[in-house]
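First comes the structure, then the notes that go with it.
Number of protein chains: 2
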Amino acid sequence: MASESESSSRILGVAEELAQRRGFNGFSYGDIAERLSITKASLHYHFPSKADLGQALIARYRQSFDAALHAIVRESPDARRRLRRYADLYCNVLVDDRMCLCGMFAAEYSTLPETMQTDLKAFFDANERWLSRVLDAGRRDGTLAFHGTPKERAHLLLGTLEGAMLVARAYDGVKRFRTVARRALADIAAP
Amino acid sequence: MASESESSSRILGVAEELAQRRGFNGFSYGDIAERLSITKASLHYHFPSKADLGQALIARYRQSFDAALHAIVRESPDARRRLRRYADLYCNVLVDDRMCLCGMFAAEYSTLPETMQTDLKAFFDANERWLSRVLDAGRRDGTLAFHGTPKERAHLLLGTLEGAMLVARAYDGVKRFRTVARRALADIAAP
DNA sequence: GTCTATAGGTGGATAGAC
DNA sequence: GTCTATCCACCTATAGAC
Numbered sequence: 202m203a204s205e206s207e208s209s210s211r212i213l214g215v216a217e218e219l220a221q222r223r224g225f226n227g228f229s230y231g232d233i234a235e236r237l238s239i240t241k242a243s244l245h246y247h248f249p250s251k252a253d254l255g256q257a258l259i260a261r262y263r264q265s266f267d268a269a270l271h272a273i274v275r276e277s278p279d280a281r282r283r284l285r286r287y288a289d290l291y292c293n294v295l296v297d298d299r300m301c302l303c304g305m306f307a308a309e310y311s312t313l314p315e316t317m318q319t320d321l322k323a324f325f326d327a328n329e330r331w332l333s334r335v336l337d338a339g340r341r342d343g344t345l346a347f348h349g350t351p352k353e354r355a356h357l358l359l360g361t362l363e364g365a366m367l368v369a370r371a372y373d374g375v376k377r378f379r380t381v382a383r384r385a386l387a388d389i390a391a392p
Numbered sequence: 202m203a204s205e206s207e208s209s210s211r212i213l214g215v216a217e218e219l220a221q222r223r224g225f226n227g228f229s230y231g232d233i234a235e236r237l238s239i240t241k242a243s244l245h246y247h248f249p250s251k252a253d254l255g256q257a258l259i260a261r262y263r264q265s266f267d268a269a270l271h272a273i274v275r276e277s278p279d280a281r282r283r284l285r286r287y288a289d290l291y292c293n294v295l296v297d298d299r300m301c302l303c304g305m306f307a308a309e310y311s312t313l314p315e316t317m318q319t320d321l322k323a324f325f326d327a328n329e330r331w332l333s334r335v336l337d338a339g340r341r342d343g344t345l346a347f348h349g350t351p352k353e354r355a356h357l358l359l360g361t362l363e364g365a366m367l368v369a370r371a372y373d374g375v376k377r378f379r380t381v382a383r384r385a386l387a388d389i390a391a392p
């Protein structure tokens, strides 16, 4: 893993914002260059092809997501609290008028380079493994109650949050998202 | 409402497929022209700008969706059965390796022309009105059971189905979608 | 309605100087 | 690492002949 130069991480920050707001096919090297007041050629020095840039975006996003998940486990012992904080991660993205990076890339899936497709699935897999464990533990200790396997529930919950986010963005609807997310979590809380 | 020429509807058919698979920013007049063995200039005769094409796509999609919803109401009196058939609409899109047209456009929302944004919201509004009514009726006659308002539930259900679709497509996962959709519907079936 | 031809712009990407 | 300059492919869109 290359230790990131400051230039690279500034580039990734701008690219991430654009990708989350407009999609991978919705921004160009020109857009990034303009915002950073550098040239497109300089960008190609750091990320030779757009596929490289996209892969770096997913890697970075995943790292920060993983860190957030670890923090949740460390700081919140209760399963319901963990899920609420998980949903808050999505919410914080939405208030900044962004879509989840990987949800956005999922929409564009068939147009992405293979490397990005592979890393994208790995991101979702990691999310679902984490959710599965939290759901399983919560049901065992009696704080959660739901039908089906934890894995199935994890699929459902991930889909619900991504989908609620997707639709809410068209309505500038952070409030809408919050209501839906709370409802979804309340449904699996033990009575 | 212009009665559609045969050329126009053939163009829309191809454009719809491309839009559902690759997104509005993921296909071009050139792609359509190639598949229909005509020139790009001919396409511009029928749809002067890409915004016009996009608007026509949403209008057409909404018409066929509305027709399907009416058919469901006509043929299925039971609320649970109606919801199952509603989910089947999504499933039939997915098996063709497509995403819901409007779910795809929702991802690209901020890059779309204003006219398309407006029509997109109207599509979701209509869907949620229909779902609300079905959910409300089902709870009244005792076939469904859920917390919160029918409108809230409609938001949740729509988000869940769109999101499950979004993620499932990355896994070539019709089966995955079906499982998630069944689970979501089972959650609101009366015991 | 469909064509040829073309305009005017932007996309990702590279060569080579500094 | 960043620049200028440039390549070539592709994009949406238009003019005008048939």
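Same order as they appear, the protein sequences are chains A and B. In terms of this note's numbering, the first sequence has 216 at position 15, counting the first letter as 1, and numbering is strictly consecutive. In terms of this note's numbering, the second sequence has 376 at position 175, counting the first letter as 1, and numbering is strictly consecutive. Ideal placement from N, C-alpha and C gives every residue a C-beta, glycine not left out.
Quiz item: Quick one: any contact between the segment 368 to 376 of chain A and the segment 316 to 330 of chain B, if contact means 3 or more CB pairs under 8 Å?
Solution: yes
Self-check item: Straight-line gap, glutamate 363 of chain B to methionine 366 of chain A (C-alpha atoms, nearest Å)
Solution: 10 Å
Quiz item: In terms of alpha-carbon separation, which member of B:Ala390, B:Arg223, B:Leu357, B:Leu270 lies closest to glycine 339 of chain B?
Solution: B:Ala390
Exercise. Step through the CB atoms of chain A and report whether any lies within less than 8 Å of the CB of aspartate 396 of chain B.
Key: Coverage of chain B is limited to positions 202 through 392, which leaves residue 396 of chain B absent and any answer about it impossible.
Quiz item: Are any of the Cβ atoms in chain A nearer than 8 Å to that of phenylalanine 325 of chain B?
Solution: yes
Quiz item: Just how far apart, CA to CA, sit arginine 383 of chain A and tyrosine 230 of chain B?
Solution: 43 Å
Self-check item: chain B contact for methionine 317 of chain A (CB, 8 Å cutoff)
Solution: no
Quiz item: Thinking just about the alpha-carbon of each residue, which of A:Arg341, A:Asp337, A:Thr380, A:Asp342 is nearest to the one in alanine 355 of chain A?
Solution: A:Asp337
Quiz item: Does the beta carbon of glutamate 235 of chain A sit closer than 8 Å to a beta carbon anywhere in chain B?
Solution: no
Quiz item: Is it true that the CB of leucine 332 of chain A sits closer than 8 Å to the CB of leucine 295 of chain A?
Solution: no
Quiz item: When you compare only the Cα positions, how much space is there between methionine 202 of chain B and leucine 345 of chain A?
Solution: A caution first: methionine 202 of chain B carries a pLDDT of 44, below 50, which makes its placement in the model unreliable, though a value can still be read off. Roughly 52 Å between the two C-alpha positions.
Quiz item: Run through DSSP, which three-state label would leucine 284 of chain A get?
Solution: helix
Quiz item: glycine 255 of chain A and phenylalanine 225 of chain A: beta carbons closer than 8 Å?
Solution: yes
Practice problem: Evaluate contact between the segment 203 to 214 of chain A and the segment 205 to 220 of chain B, counting only Cβ atoms and requiring at least three cross-stretch pairs below 8 Å. | Solution: no
Exercise. Buried or exposed for proline 351 of chain A, please, with buried defined as at least 16 other CB atoms from any protein chain shown within 10 angstroms of its CB.
Key: buried
Quiz item: Can you give the beta carbon distance from arginine 223 of chain B to serine 277 of chain A, rounded, assuming they're within the 8 Å contact cut?
Solution: In fact, because the Cβ distance is near 40 Å, the residues do not count as touching under 8 Å.
Self-check item: Those runs of the beta strand (DSSP E) which lie wholly inside the segment 236 to 274 of chain A and span at least 3 residues
Solution: none
Exercise. Please compile the residues from chain B whose C-beta is within a distance smaller than 8 Å of the C-beta of leucine 367 of chain A.
Key: Gly304, Ala307, Ala308, Gly360, Glu363, Gly364, Leu367
Quiz item: Counting along the chain, where does the alpha helix (DSSP H) carrying histidine 356 of chain A start and finish?
Solution: 351 to 371
Quiz prompt | tyrosine 287 of chain A classed as buried or exposed, judged by whether at least 16 other C-beta atoms fall within 10 angstroms | solution = buried
Practice problem: Flag valine 215 of chain A as yes if its beta-carbon sits less than 8 Å from any beta-carbon of chain B, otherwise no. | Solution: no
Exercise. May I ask which residues mark the beginning and end of the alpha helix (DSSP H) holding asparagine 328 of chain A?
Key: 315 to 341
Quiz prompt | Local conformation of alanine 390 of chain A per DSSP, three classes | solution = strand
Practice problem: Could you tell me which chain B residues have their CB closer than 8 Å to the CB of valine 381 of chain A, listed as they occur along the chain? | Solution: Glu353, His356, Leu357, Gly360
Self-check item: With 16 other Cβ atoms within 10 Å as the buried cut-off, status of tyrosine 246 of chain B
Solution: exposed
Practice problem: Locate the alpha helix (DSSP H) running through methionine 305 of chain B, then write down its first and last residues. | Solution: 302 to 308
Quiz item: Can you round the beta-carbon distance between alanine 269 of chain A and leucine 290 of chain A to whole angstroms, since I take them to be within the 8 Å contact cut?
Solution: 6 Å
Practice problem: List the residues of chain A whose Cβ lies closer than 8 Å to the Cβ of alanine 391 of chain B, in chain order. | Solution: Chain A residues near alanine 391 of chain B: none, gap ~14 Å exceeds 8 Å.
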